[in-house]
Every structure is written in C-alpha cells, then in structure tokens.
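So in the numbering used here, the last spot in the sequence shown is 162, and the numbers never skip. Have a look at the structure below before the remarks.
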Amino acid sequence: KVKDTKFLGIVIDSKLNWAAHMHYIRKKLRSMTGAICRIRHSIPGELYLKIYNALFESHLSYGISVWGVVLKERSNDSLFITQKHCIRILFGDLDSYLDKQSTCARTRPYGMQKLDHKHFEKEHTKPIFNRLKILTAQKRKKYR
C-alpha cells in the first residue's frame, strides 16, 4: 500500500491530512531560504522583493487552494515561522542581527556585557509584511 504520492507537485497522502505535503513544502521553503541567504550579498537591495517572489513565494503559493485547508491562524505555524525567517533575512535589520550574534563579553562594548532579554528577542516582521505588502501564508489562502 502506498502512503503518499506526488501529483503535479503536490504530495497527497492516503489519509488526506496533508502532513506529507506540509513536510515537503517546509523542506523546500527552508532550502530556498538558505539559497536566498547565500545570494543576498551578491544582488542589489532593490531586487530582494523579486528574489523573494521568485524563489520563496512561488513555492508557498503553488496549490495553496488545495492544501491550504491545514493552515492555522496561529503564530506558531511552521510555514509562517519559515516565511518570517526568510523575510528577516532579506528585509530585516542586518546590523542589529549581527550585533546580537556577538555573544562574547570581551567583544561587546562596555556596559553591554550582560545579555538581557532584549538579546534573545527577534525582530518583529509585521511592519515588514505591511511595508512590502506581502501576504502571510494564512492570508494568502484566505484571499485565493
């Protein structure tokens, strides 16, 4: 008996719960995020949105009217987290991110040696989504 099969790029499993496709799309989007992370320094900033649409959003949008029923309206959805990660890489504050990564107390400026709760906070992506008029995965399904 076959557990799942890929048909036109959408993984359909025997129980139609879309778990296999969610795993497949999450893996594909993480791979695209890695590719975007590697090439972002080689391309001008004004092309970032086109790169995002071509390499990330195209995979996210494909067939969402079929498999999108499993998307939840919660902030801890794995696809939404992956989408926010990609948005932070391309459009986030890189200097702030790199500053947070210097965790060695000797490399940090005087008075900033202790790592408080602000060090572990991530940048909010809602203003970036609004500024660039990018739909989240949940809203993309809703407005399809």
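Glycine included, every Cβ here is placed at the ideal spot set by N, Cα and C.
**Request:** Go to ILE30, then tell me how far its beta strand (DSSP E) extends in each direction, as first and last residue.
**Result:** In the DSSP assignment, ILE30 falls within the unbroken beta strand (DSSP E) covering 28 to 31.
**Item:** CB-CB length for CYS104 against PHE74, believed under 8 Å
**Value:** Under the criterion of beta carbons closer than 8 Å, CYS104 and PHE74 qualify as touching, at roughly 5 Å.
**Span separating the alpha-carbon of VAL88 from that of TRP36** = Approximately 7 Å, taken between the alpha carbons.
**Asked** Who are THR23's beta bridge partners in DSSP?
**Response** Answer by DSSP bridge pairing, in chain order: ILE30.
**Message:** Check whether the segment 95 to 102 and the segment 79 to 87 touch, using three or more Cβ-Cβ pairs below 8 Å as the test.
**Reply:** Verdict: no, contact absent.
**Message:** Starting from ASN148, trace the alpha helix (DSSP H) in both directions and tell me its first and last residue.
**Reply:** Where ASN148 is concerned, the enclosing alpha helix (DSSP H) stretches over 144 to 150.
**Request:** Could you tell me whether the segment 57 to 77 touches the segment 31 to 49, where touching means 3 or more Cβ pairs closer than 8 Å?
**Result:** Contact between the segment 57 to 77 and the segment 31 to 49 is present, because at least three Cβ pairs lie under 8 Å.
**Asked** With 16 as the cutoff for other CB atoms within 10 Å, does ILE152 come out buried or exposed?
**Response** Within 10 angstroms of the beta-carbon of ILE152 lie 16 or more other beta-carbons, which makes it buried.
**Message:** Taking only three categories from DSSP, how would you classify ASN35?
**Reply:** DSSP places ASN35 in the coil class of the three-state scheme, outside both helix and strand.
**Request:** Just tell me which of GLN156, LYS157, ARG149, LYS159 has its CA closest to the CA of LEU67.
**Result:** It is ARG149.
**Request:** Work out the CA separation of PRO62 and ASP111 for me, nearest whole Å.
**Result:** When the Cα atoms are used, ASP111 and PRO62 turn out to be separated by approximately 16 Å.
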